[in-house]
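Residue numbers (full-length UniProt numbering), protein chains in the order written: chain F, 1 to 664; chain S, 1 to 664.
Positions of the beta carbon are idealized from the N, C-alpha and C atoms, including for glycine.
Working notes, structure below.
2 protein chains.
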Amino acid sequence: MEGVDHLADERNKAQFDVDDMKIVWAGSRHAYELSDRISRLVASDPEFKKDHVTSLGRKELFKNTLRKAAHGWKRINELGLNEEEALKLRTFMDQPSFTDLHWGMFVPAIKGQGTDEQQQQWLPLANKMQIIGCYAQTELGHGSNVQGLETTATFDVKTDEFVLNSPTLTSSKWWPGGLGKISTHAVVYARLIINDKDYGVHGFIAQLRSLDDHLPLPGITIGDIGMKFGSAAYNSMDNGLLRFDHVRIPRNQMLMRVSQVTREGKYVHSSVPRQLVYGTMVYVRQIIVFDASVALSRAVCIATRYSAVRRQFGSQNGSPETQVIDYKTQQARLFPLLASAYAFRFAGEWLKWLYTDVMERLQAKDFSTLPEAHACTAGLKSLTTSVAADGIEECRKLCGGHGYLCSSGLPELFAVYIPACTYEGDNVVLLLQVARYLMKAISQLNSGNKPVGTTAYLGRAEQLMQYHSDVLRAEDWLKPNVVVEAFEARAARMSMACAQNLSKFNNPEDGFQELSADLIEAATAHCQLIVVSKFIEKLQQDIPGKGVKQQLQVLCSIYALFLLHKHIGDFLSTDCITPKQGSLANEQLRSLYSQIRPNAIALVDAFNHTDHYLGSILGRYDGNVYPKLYEAAWKDPLNDTVIPDGFHQYVQPLLKQQLRNARL
Amino acid sequence: MEGVDHLADERNKAQFDVDDMKIVWAGSRHAYELSDRISRLVASDPEFKKDHVTSLGRKELFKNTLRKAAHGWKRINELGLNEEEALKLRTFMDQPSFTDLHWGMFVPAIKGQGTDEQQQQWLPLANKMQIIGCYAQTELGHGSNVQGLETTATFDVKTDEFVLNSPTLTSSKWWPGGLGKISTHAVVYARLIINDKDYGVHGFIAQLRSLDDHLPLPGITIGDIGMKFGSAAYNSMDNGLLRFDHVRIPRNQMLMRVSQVTREGKYVHSSVPRQLVYGTMVYVRQIIVFDASVALSRAVCIATRYSAVRRQFGSQNGSPETQVIDYKTQQARLFPLLASAYAFRFAGEWLKWLYTDVMERLQAKDFSTLPEAHACTAGLKSLTTSVAADGIEECRKLCGGHGYLCSSGLPELFAVYIPACTYEGDNVVLLLQVARYLMKAISQLNSGNKPVGTTAYLGRAEQLMQYHSDVLRAEDWLKPNVVVEAFEARAARMSMACAQNLSKFNNPEDGFQELSADLIEAATAHCQLIVVSKFIEKLQQDIPGKGVKQQLQVLCSIYALFLLHKHIGDFLSTDCITPKQGSLANEQLRSLYSQIRPNAIALVDAFNHTDHYLGSILGRYDGNVYPKLYEAAWKDPLNDTVIPDGFHQYVQPLLKQQLRNARL
Ligand SMILES: Cc1cc2nc3c(=O)[nH]c(=O)nc-3n(C[C@H](O)[C@H](O)[C@H](O)COP(=O)(O)OP(=O)(O)OC[C@H]3O[C@@H](n4cnc5c(N)ncnc54)[C@H](O)[C@@H]3O)c2cc1C
Ligand SMILES: Cc1cc2nc3c(=O)[nH]c(=O)nc-3n(C[C@H](O)[C@H](O)[C@H](O)COP(=O)(O)OP(=O)(O)OC[C@H]3O[C@@H](n4cnc5c(N)ncnc54)[C@H](O)[C@@H]3O)c2cc1C
Ligand SMILES: [Ca+2]
């Protein structure tokens, strides 16, 4: 059966050109070719094999990761890969390591917050990995509340140095990736103290370990914070702890692009706008939204292919059983996630555009769109990562018992993905920020401050308060404007209701606290509207390729109507639609599931994931699931011997009834 | 800070007697004392320490488990524990092992399906663990569809034997716990074939390994199926694969309580009613519901205590920051789970009663309530395990970044718990069974077949179709009958709507398939009604203890109104309540959160979990979180050395810029 495509029939059913869809998914031909080339490069290199990592103990796993990181760096140099290609190579290695933080946080922090001289001093070293850096912000006691960090950096005017110190146990740095065992340097966030005055949290470059013998420098305590979720997952990363006991660094190691400390100990601002940080946030969160679509697409790809391979029940007179993908319950769980993967992809694409737009405006000192851009990226980060995390687990359940095996790929995908709901802003804290922005936008409606960008619809609030859906037949729900209006009306009314309830409180802050659960629901409605709208806008563009646009239209409708069905309570209680219209949407949804069904396998093929990257036997491209599951099982270390370690000592005495006398 | 109770203030706030609540939670004073005694016994025995298991490789973990299983058995014998106590001891060891299947499936299968002689032959051996057994039903190709199993047991009249065989790859047994490395025997499910006629799936006792040298017997292939979800979690269990190549077993090793094969090869039924299997199912699923409440209670206990310790934001003029448990969003996520833990506890208690009732009726050959009991236990199994699984992950997220550490206890709790959604019936497949039962009950309404037990309300369907909630003020939602009626009306209308839609199909089976997603929603509404009703019934009993009943009433209202809010779309679209009434419920819910807040810590203390059983630094009884997190980190194997294994080989060359020349 080797070499046979067990899913060929499924692939033949597709009503669109999968190669064209691959380009759409990737974003451009260039992006497609890049990913395709590098993912194959990694997949074909035996050094990057990852099937065995889940059964390793912590130390072996860590060593395995160091080996791969070194090999990756070697290949990057040998092949002369550029930055974009190198990033892809690290992505497709698919094993978190210190290099992620070095390239993803340390280097960008210096680029974003360092002066030109600082960049010239540090970047050449970092770019050649002659130093390895991490990003040390979070402490044992403070994560979400960055302004509450306790580490201090006290300026000593006598020596022209900062003294880094960890005054309490809770001020220990805790979580930074790459810190525990590998980093030689860190960007450390600490309270700047000059003459007993606290200037708040600033970034500093600190050397942590000797470049000679790698031992922690005097006054510095470092260690790994221990095991995390999953078998391998993030355990290949040395998330670390760090304490400073009055460690001195030169003054020029404070990151001084935005504010500086002079030789005399004066605190001054440069001409660089502080709003720059928003730009960085938009950038980072745009990547996170993009990653959410990737993570979800991997899980959906696995569950979809396996659902076409797996048959259970329904055999009649010896005919094969039903493919579980043909059960409507399976479809109703799976296809909305497929649609979400595409929806988030386009939301990510749009955020990329937004980032460019924001940066251009920043150059022109136009800060007007920044708060809206910030709220919108915060919201999309929260929405997409939450859905992706839950979606991966749902995909695992969709695979029945076999989804629980590491060889399904899904347990590790979940374990490695879920922190995205927590880092770069806890998802609930972020939604509260969105809600705050929405309430502010509404409070300013009468002052002529017109809401912009994704909140523009609030400018039509009065109109939207009058809205009643005019859907008469199920097909009406396929019209983009019908859908957008319903989502706008729902979001606007939920926000308006919150604003009205808030106005009943004497102290607005008390009101905000008291009503925060409702505010989060309003913020969610707002974010869902953004994703739906951006998907629809995407479809207003030219999209080449046989049948490609049609499939995307079906997916877009599935995404929107699934949300409408799931949150039907919102739509009904705000009186945007009637129960009858709700059940027409549900009816339409069922018919959309039937339409997408024959295209499902090709739609996940369009993600172009290699078998190596998927790391899943259930999700194999060729569908040759059972023989490969069987083969893989034998490779578990427990199968190295017929009689397991410990049997003679601990089990045989039981069987031989010598237990009472045995010394255990 | 050692010895200090950091949560003392919280405990002092409680408005009820926590010791009395402990009895209510446990179900009886006896149950409380038993759990309390055995859990402390385990917690105080250093052999049962479990803090390090997550960093072990597969083999060491497995050996560690064998050691604990042996030590457990030793203690059980030394202390002369009875069956109930021994079971508790294994539970509190809290590490899945072959013994779970031996005692939980193998022995009960023989008791339930074996004849008296078979029980006499096998149980004494099994009870002394002179043989160790597992339960081998699922195959690579079939899990949910048990009738589709492919393993054959062909009767050979010449030798008076059955020939066990695995005719295809997919017929390989796959998943049975304890099979992979340890079991000497198994109850094997296989198609009974006599004279080429297929009599369907039956159970057989087969010896798998030699009692001398533990090697697999001739014709038998066995191995472990490999790594599963999580660091340790279920990887301490040797879920296994098994193939038979024409293996012969004597005829008397078919489990013959219900049907027999005679010496001549005739297939006959005994007088024992086949419905007995339903009794076993009710029994097993009642335990699963009970376990769901335990698993959820552990997660809730951790998240609640940590939410009281954790402070973030809100410091004013140097005052301490806000405890995150005081944020309304945190409460709206946490307290419904706390209420659910209690709700499921009482549902489990009621199922225990139902089991007794069913068994008594079976003795009296009254099979009338069986289908309803079966549907109801299937539904509650599905509902409670799904909520517990999702709830554990939500509790992890409620702990922010630190919840991602294994030392929080939550990752492993999740990983070890989630298969409960899949084994003993996939949760979606089970809900479809419930839906089928509901549709049947409705179709028989006119034929005078009155629905019984938990479906009795359907007998009042006509009335319920007229229902409109008469809630006027938020407090009205505290009245039990107001709540029950709303839930009954919602469930009845959703089922009736499905039945009506089904009647439009020519082929009812096609209709069932097509509408199955809606049917699942109706089944869920039915199951939620059961849990709400049983909670309310519980509160109609006498419940002693200062303030105990009051707290339970608050929890009951939280449970019901949280569900109402979450599924408000159901209530609105079926026109049971108005949007205004929905928002009154939400208002009431907020006020209930405030009422429960001061009692939250005491309510999780009432679970009486030891720190050992919780296995969580975040959930420590004394709230001494930060110093203990810090201490625990140092114990990770990666911290054994300052310079990690692999550093000199793989990282130093990078730092020293010798990469291009280095041989990696
Ligand atoms: C895998 C991983 C990698 C990481 N890598 C790094 C790294 O490289 N460098 C680094 O510096 N950090 C890192 N972190 C830390 C991460 O940034 C923090 O964990 C994150 O910011 C969340 O903060 P917290 O843990 O303090 O959560 P908390 O704020 O303690 O959250 C606990 C609970 O309180 C709630 N809550 C908090 N504030 C409010 C509020 N105002 N209103 C309502 N609810 C509230 C939250 O919603 C949550 O439910 C990493 C974390 C993880 C898990
Ligand atoms: C940790 C663990 C321990 C186990 N221990 C044992 C053991 O000791 N002994 C043993 O014999 N087995 C054991 N099992 C196996 C377990 O019983 C099966 O995995 C379980 O019955 C689910 O069956 P499945 O894997 O075939 O799922 P599948 O039926 O393949 O499910 C795949 C998907 O198809 C869907 N589906 C299937 N049928 C239908 C339908 N008719 N309509 C709609 N949707 C459908 C499901 O909802 C699911 O989404 C264990 C499993 C696990 C994970
Ligand atoms: Ca491990």
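### Task
Going by CA-CA distance only, name the one from F/R361, F/H30, F/L603 and F/S319 that's closest to F/K549.
For F/K549, the nearest C-alpha among the options comes from F/L603.
### Query
Can you list the residues of chain S that F/F335 reaches, using a CB-CB cut of under 9 angstroms?
Residues of chain S passing the Cβ test: none, with the nearest at roughly 11 angstroms.
### Query
Near S/L337, which residues of its chain fall below 7 angstroms by C-beta distance, leaving aside the five closest residues on each side in sequence?
Answer for S/L337: L296, V300, G391, E394 and C395, listed in chain order.
### Query
Cβ atoms of F/P644 and S/D212: under 9 angstroms apart, would you say?
Contact flag unset, no.
### Message
Would the stretch 150-157 of chain S count as touching the stretch 185-204 of chain S if we require 3 or more Cβ pairs under 8 angstroms?
### Response
Touching, per the Cβ criterion.
### Message
With distance defined between alpha-carbon atoms, name the residue in F/V642, F/I76, F/A415 and F/N127 nearest to F/N235.
### Response
For F/N235, the closest C-alpha among the options F/V642, F/I76, F/A415 and F/N127 is that of F/A415.
### Task
Tell me where the alpha helix (DSSP H) around S/Q260 begins and ends.
That residue, S/Q260, is in no alpha helix (DSSP H); its beta strand (DSSP E) goes S259 to V261.
### Query
At least one CB of chain F closer than 9 angstroms to the CB of S/N127: is that the case?
Chain F, which has no Cβ nearer than 9 angstroms to the Cβ of S/N127, makes this no.
### Task
Can you give me the start and stop residues for the beta strand (DSSP E) that F/G203 sits inside?
F/G203 -> beta strand (DSSP E) spans K197 to Q207.
### Query
Say the cut is 8 angstroms; is the CB of S/Y621 nearer than that to a heavy atom of ligand 2?
Not one heavy atom of ligand 2 lies closer than 8 angstroms to the C-beta of S/Y621.
### Query
So which residues of chain S does F/N639 contact, with C-beta pairs closer than 7 angstroms?
Close partners of F/N639 in chain S (Cβ separation under 7 angstroms): G223 and D224.
### Message
Within 9 angstroms of any Cβ in chain S, is that where the Cβ of F/T524 sits?
### Response
Chain S contact via Cβ: absent.
### Task
Answer yes or no: does any C-beta atom of chain S fall closer than 9 angstroms to that of F/A633?
So yes, F/A633 belongs to the interface.
### Message
Let me see if you follow: with CB-CB separation under 9 angstroms, is F/K397 close to chain B or not?
### Response
Among the protein chains in the structure shown, which are F and S, there is no chain B.
### Task
Give the residues of chain F in contact with S/S315, contact being defined as C-beta atoms less than 8 angstroms apart.
Neighbours of S/S315 in chain F, taken as residues whose beta carbon is under 8 angstroms from its own, are G148 in chain order.
### Query
Can you check whether the CB of F/E117 is closer than 9 angstroms to the CB of F/W174?
For F/W174 and F/E117, no; Cβs fall outside 9 angstroms.
### Message
Quick check on this structure: which residue in F/V282, F/G379, F/G409 and F/T322 has the alpha carbon closest to the alpha carbon of F/V358?
### Response
Comparing Cα-Cα distances from F/V358 to each of F/V282, F/G379, F/G409 and F/T322, the minimum goes to F/V282.
### Task
Would you kindly work out how many angstroms separate the C-alpha atoms of S/N446 and S/Q323, rounded to a whole number?
One Cα belongs to S/N446, the other to S/Q323, and the distance between them is close to 57 angstroms.
#### Entry: Limits of the beta strand (DSSP E) - the one that S/L192 falls within
It spans H185 to I194 - the beta strand (DSSP E) in which S/L192 sits, taken as one unbroken run.
### Query
Tell me which same chain residues have a C-beta within less than 7 angstroms of the C-beta of F/E2, skipping the five on either side of it?
Counting only Cβ-Cβ distances below 7 angstroms, and skipping sequence neighbours, we find nothing.
### Message
Ignoring anything shorter than 4 residues, give me the alpha helix (DSSP H) runs that lie fully in the UniProt domain "Acyl-coenzyme A oxidase N-terminal" (17-132) of chain F, in order along the chain.
### Response
Runs found: 18-26, 29-43, 58-78, 83-93, 98-101, 107-113 and 116-127.
### Query
Between the C-alpha atoms of S/A186 and S/I617, what's the straight-line distance to the nearest angstrom?
When the Cα atoms are used, S/A186 and S/I617 turn out to be separated by approximately 39 angstroms.
#### Entry: Local Cβ density within 10 Å of F/R263, reported as buried at 16 or more and exposed below that
It is exposed - the Cβ of F/R263 has fewer than 16 other Cβ atoms within 10 Å.
### Task
Could you please tell me which residues of the stretch 211-241 of chain F, in chain order, have their CB closer than 7 angstroms to any CB of chain S?
Going along the stretch 211-241 of chain F in chain order, one finds L211, H214, L215, G223, D224, I225, G226, M227, K228, F229, G230, S231, D238 and L241 with a Cβ nearer than 7 angstroms to chain S.
### CB contact below 9 angstroms: F/T492 versus chain S
It is worth fixing the name first, because residue 492 of chain F is Ala in this sequence and not Thr. No - not a single Cβ of chain S is within 9 angstroms of the one on F/A492.
### Three-state class that DSSP yields for S/N239 in the structure shown
S/N239: coil per DSSP, three-state reduction.
### CB contact below 9 angstroms: S/D426 versus chain F
S/D426 belongs to the set of residues whose beta carbon lies under 9 angstroms from a beta carbon in chain F.
#### Entry: Helix, strand or coil at F/V387 [DSSP, three-state]
Residue state, collapsed to three classes: helix.
### Query
Is S/V309 near ligand 1, in the sense that its beta carbon is under 8 angstroms from a heavy atom of that ligand?
Not under cutoff, so the answer is no.
### Query
Distance, Cα to Cα, S/T221 vs S/L242?
Answer to the nearest angstrom: the Cα atoms are 6 angstroms apart.
### Query
Exposed or buried, what is S/E509 when buried is set at 16 or more other beta-carbons lying within 10 Å of its beta-carbon?
Looking at its Cβ environment, which holds fewer than 16 other Cβ atoms inside 10 Å, S/E509 is exposed.
### Query
DSSP on F/V642, reduced to helix/strand/coil?
Correct three-state label for F/V642: coil.
### Task
Measure from the alpha carbon of F/V4 to the alpha carbon of each residue in F/P627, F/L638 and F/S44, then state which is nearest.
The candidate whose alpha carbon is nearest that of F/V4 is F/P627.
### Query
Under a CB-based cut-off of 9 angstroms, is F/L56 close to chain S?
Look at F/L56: its C-beta is under 9 angstroms from a C-beta on chain S.
### Task
Compute the Euclidean distance between the alpha carbons of S/T65 and F/G403, then round it to the nearest angstrom.
Each residue's alpha carbon lies about 24 angstroms from the other.
### Message
By the DSSP assignment, the alpha helix (DSSP H) with S/V483 in it spans what residues?
### Response
For S/V483, the enclosing alpha helix (DSSP H) begins and ends at P480 to L502.
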